[in-house]
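Contents: one structure, followed by commentary.
Numbering (this note's numbering), first residue to last: 5 to 584.
Okay, here's the thing in structure tokens:
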């Protein structure tokens, strides 16, 4: 019995050991006129939180509460934070006393934290201003892996949105998309999570918004235009409600990642081989025939392939040169390339079909493939071995004269197009004359009938090509139906569903209102729809559902909620279609 009791107590003690409840402060030394941020953080959902008395300080904001829960690599993490902003009332060494919570019938408390308060210091702001600004708590950055690459050397750009624990964010909208002029670019797909990290030495939450792999296509200073967002931000204010809780204010904040300049180095001219076609990276080169010995009527496939890591889609493979006695057809190009943050890797190949014309032995010259090796900073060349094609059987030549084939191969010359019969006796199969026949009159009148048809068709095509607005409306209509169909297929995939649904609703607006993305403000959409006799309730539901698509991608939701959003979108679009 004592043994079991000991095991139960040991398990309970292990459970309690996992509970973390601690006091975190923005700084331990501050001036008399500076603000202090105090966080009481716990990794469990504790009850009956009791704040300390904060002797020697004045509370200017708080408590504000933040709760976050995330799943990373299959592991769940939970955090609840009570935050305060304080201003010291006196100089000296002050103590932040212990806060307490209850969890599973046990009381947990934080450790004491000592704060040293010095004389007032000069700060640019009014020290009595206790408001929390979005400017200090929201940051959009672009992390560039390398700012001085070679031409065709891969670099990555990762866009991150940092936001502190003292603010909340809602919808965010792109008003400035990054442009990658003079770069080959590809977006990397990934799953978005709210993660935790440090920004300029302080603890922040962040979301990775975009990952892009870039290959610069020319040397010199290349500019990456910035990503810019409009974000709805919730900020705690100095005012409190009747229960003493801080009132939350909302504002729209515009943030930009800033333009980035990439200084691209040209590939060295010294040592550049003639066979270099722009490949940069690390590669292996092979030329492989499907067979070397052929019989009459057979063909072979000659595969020229490159395997490795580098700018796989941005260079051409060398073309083999074969003797005239071998007929070579245009190649079939194949690509098996994956693109990740590290760049492109995989295999590309050209497959040539070769058919011999005569019996004999035919050499195919070695091929050379050159690339620039980034690790050593030098050019490297790989040569394939010479390939000999042996045609064992073939048509017998009309004469025994032989001529030397190209590149040393022996070619038997034959009279390929010898006449079967030199004299013929032709007999007419039809006695009726063509002149005056039914076919004669049809062919005679056909140009007269076809000319107006061609003119009408040409005029109609020119009118359609010149109708820029109409073409754009028809294109947006097709896109709206396409993305709405995609959204229906992705009902079990929340993120892809809301991306497709948002695109469908945006393209519906573009088609019906003849507007561009830059004109899609809430007020403008509402005004245009109402001017088209749309119902005010339908308009408000449409705008609310559009704005909800972005935040719904990160918020918890069920299949029923997603299905409801889809049905609601179909209903709203159908009603607005009839009304306008």
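Glycine included, C-beta positions come from ideal geometry on N, C-alpha and C.
For clarity, every value in this text was computed on a predicted model and none was experimentally measured.
Can you give the beta carbon distance from residue 198 to residue 72, rounded, assuming they're within the 8 angstroms contact cut?
Position 194 of the chain shown, counted from the first residue, corresponds to residue 198. Position 68 of the chain shown, counted from the first residue, corresponds to residue 72. That belief holds up - the Cβ atoms of residue 198 and residue 72 are roughly 7 angstroms apart, short of 8 angstroms.
Which partner residues does residue 120 have in the DSSP bridge list?
Stepping through the chain shown from its first residue, residue 120 is reached at position 116. Residue 120 pairs with 33 and 97.
Could you tell me which residues DSSP puts in a beta bridge with residue 85?
Taking the chain shown and counting its residues from 1, one reaches residue 85 at position 81. Per DSSP, 45 and 70.
Could you name the residues of the same chain whose beta carbon sits closer than 8 angstroms to that of residue 194, not counting the 5 residues immediately before and after it, in chain order?
Indexing the chain shown from 1 puts residue 194 at position 190. Excluding sequence neighbours, residue 194 sits near 212 and 215.
Compute the Euclidean distance between the alpha carbons of residue 440 and residue 452, then round it to the nearest angstrom.
Numbered from its first residue, the chain shown carries residue 440 at position 436. Numbered from its first residue, the chain shown carries residue 452 at position 448. Cα to Cα, the separation comes out at about 18 angstroms.
Would you give the residue range spanned by the beta strand (DSSP E) that residue 267 belongs to?
Position 263 of the chain shown, counted from the first residue, corresponds to residue 267. That run of the beta strand (DSSP E) goes 264-268.
Is residue 343 near residue 196, with beta carbons less than 8 angstroms apart?
For the purposes of this step, residue 343 is identified with residue 339 of the chain shown, where counting begins at 1. For the purposes of this step, residue 196 is identified with residue 192 of the chain shown, where counting begins at 1. Contact: no.
Just confirm the distance between the C-beta atoms of residue 270 and residue 145, as a whole number of angstroms; I'd bet it's less than 8 angstroms.
On the chain shown, residue 270 is found 266 positions in, with the first residue counted as 1. On the chain shown, residue 145 is found 141 positions in, with the first residue counted as 1. So it is not a contact: roughly 29 angstroms between Cβ atoms.
Please report the straight-line C-alpha distance between residue 91 and residue 109, rounded to a whole angstrom.
As a working mapping, residue 91 is identified with position 87 in the chain shown. As a working mapping, residue 109 is identified with position 105 in the chain shown. Using only the alpha carbons, I get a separation of about 34 angstroms.
Across the stretch 503-511 and the stretch 536-543, are there enough close Cβ pairs to call them in contact, namely three or more that are closer than 8 angstroms?
no
Neighbourhood of residue 572 by C-beta, 8 angstroms cutoff - its chain only, sequence neighbours within 5 removed:
Here residue 572 is taken as the residue at index 568 of the chain shown, counted from 1. Cβ within range, chain order: 545 and 549.
Would residue 341 be called buried (16 or more neighbouring beta carbons within 10 Å of its own) or exposed?
By one-based count along the chain shown, residue 341 stands at place 337. By the neighbour-count criterion, in which a residue is buried when 16 or more other Cβ atoms sit within 10 angstroms of its Cβ, residue 341 is exposed.
If distances are taken between C-alpha atoms only, which option among 105, 122, 121 and 120 comes closest to residue 114?
Residue mapping note: residue 114 aligns to position 110 of the chain shown, counting from 1. The candidate whose alpha carbon is nearest that of residue 114 is 105.
Determine which residues share a DSSP beta bridge with residue 158 and list them.
For the purposes of this step, residue 158 is identified with residue 154 of the chain shown, where counting begins at 1. In DSSP, residue 158 forms no bridge with anything.
According to DSSP, is residue 169 helix, strand or coil?
For the purposes of this step, residue 169 is taken as the residue at position 165 of the chain shown. Looking at residue 169 - three-state DSSP - the assignment turns out to be coil, as it is neither helix nor strand.
Indicate whether residue 175 and residue 466 have their beta-carbon atoms separated by less than 8 angstroms.
Within the chain shown, numbered from 1, the residue matching residue 175 stands at position 171. Within the chain shown, numbered from 1, the residue matching residue 466 stands at position 462. In this structure, residue 466 does not lie closer than 8 angstroms to residue 175 by Cβ.
Look at residue 166 and residue 219 and say whether their C-beta atoms are less than 8 angstroms apart.
For the purposes of this step, residue 166 is identified with residue 162 of the chain shown, where counting begins at 1. For the purposes of this step, residue 219 is identified with residue 215 of the chain shown, where counting begins at 1. Their beta carbons are not under 8 angstroms apart, which means residue 166 does not touch residue 219 by this criterion.
Whether or not the stretch 279-289 and the stretch 307-323 are in contact is what I'm after, with contact meaning three or more pairs of Cβ atoms, one per stretch, closer than 8 angstroms; do they touch?
yes
Any chance you could list the beta strand (DSSP E) runs of at least 3 consecutive residues sitting entirely within the stretch 201-250, in chain order?
For the stretch 201-250, the full-length beta strand (DSSP E) segments reaching 3 residues or more read 206-220, 224-228 and 232-244 along the chain.
Own chain partners of residue 1 with C-beta closer than 7 angstroms, once the 5 adjacent residues on each side are dropped
Here the chain has residues from 5 to 584 only, and residue 1 is not among them.
Work out the CA separation of residue 373 and residue 297 for me, nearest whole Å.
As a first step, residue 297 must be located in the chain shown, where it is residue number 293. As a first step, residue 373 must be located in the chain shown, where it is residue number 369. Straight through space, the alpha carbons of residue 373 and residue 297 are spaced by roughly 26 angstroms.
Is residue 515 helix, strand or coil by DSSP?
The sequence position of residue 515 within the chain shown is 511, counting from 1. Helix, per DSSP.
Are residue 234 and residue 179 close, meaning C-beta to C-beta below 8 angstroms?
Here the question's residue 234 lines up with position 230 in the chain shown. Here the question's residue 179 lines up with position 175 in the chain shown. Yes, the Cβ-Cβ distance between residue 234 and residue 179 is below 8 angstroms.
Tell me whether the beta-carbon of residue 368 lies closer than 8 angstroms to the beta-carbon of residue 304.
By one-based count along the chain shown, residue 368 stands at place 364. By one-based count along the chain shown, residue 304 stands at place 300. No, these two residues do not count as a Cβ contact at 8 angstroms.
Residues in the same chain with beta-carbon distance under 8 angstroms from residue 524, minus the five sequence neighbours each way, listed in chain order, please.
Mapped onto the chain shown, residue 524 falls at position 520. Correct list, in chain order: 510 and 513.
Using DSSP bridges, identify the partner residues of residue 341.
For the purposes of this step, residue 341 is identified with residue 337 of the chain shown, where counting begins at 1. BP columns for residue 341 point to 350.
Considering only their Cβ atoms, is the gap separating residue 293 from residue 2 smaller than 8 angstroms?
Absent from the model: residue 2. The displayed extent of the chain is 5 to 584, so no value can be given.
Separation of residue 531 from residue 565, as counted between CA atoms:
The residue given as residue 565 occupies position 561 in the chain shown. The residue given as residue 531 occupies position 527 in the chain shown. Their backbone Cα atoms lie some 29 angstroms apart in a straight line.
Taking the straight line between their C-alpha atoms, what separation do you get for residue 222 and residue 335?
Counted from its first residue, the chain shown places residue 222 at position 218. Counted from its first residue, the chain shown places residue 335 at position 331. Rounded to whole angstroms, residue 222 to residue 335 spans 29 angstroms at the Cα level.
Quick check on the DSSP output: the beta strand (DSSP E) that includes residue 2 runs from which residue to which?
Residue 2 is absent from the structure shown; the chain starts at 5 and stops at 584.
Suppose you measure from the CA of residue 280 to the CA of residue 259; what does that come to, to the nearest Å?
Mapped onto the chain shown, residue 280 falls at position 276. Mapped onto the chain shown, residue 259 falls at position 255. Rounded to whole angstroms, residue 280 to residue 259 spans 44 angstroms at the Cα level.
Candidates 51, 295, 576 and 33, of which the one nearest residue 488 by Cα:
As a working mapping, residue 488 is identified with position 484 in the chain shown. Of 51, 295, 576 and 33, the residue nearest in Cα terms is 576.
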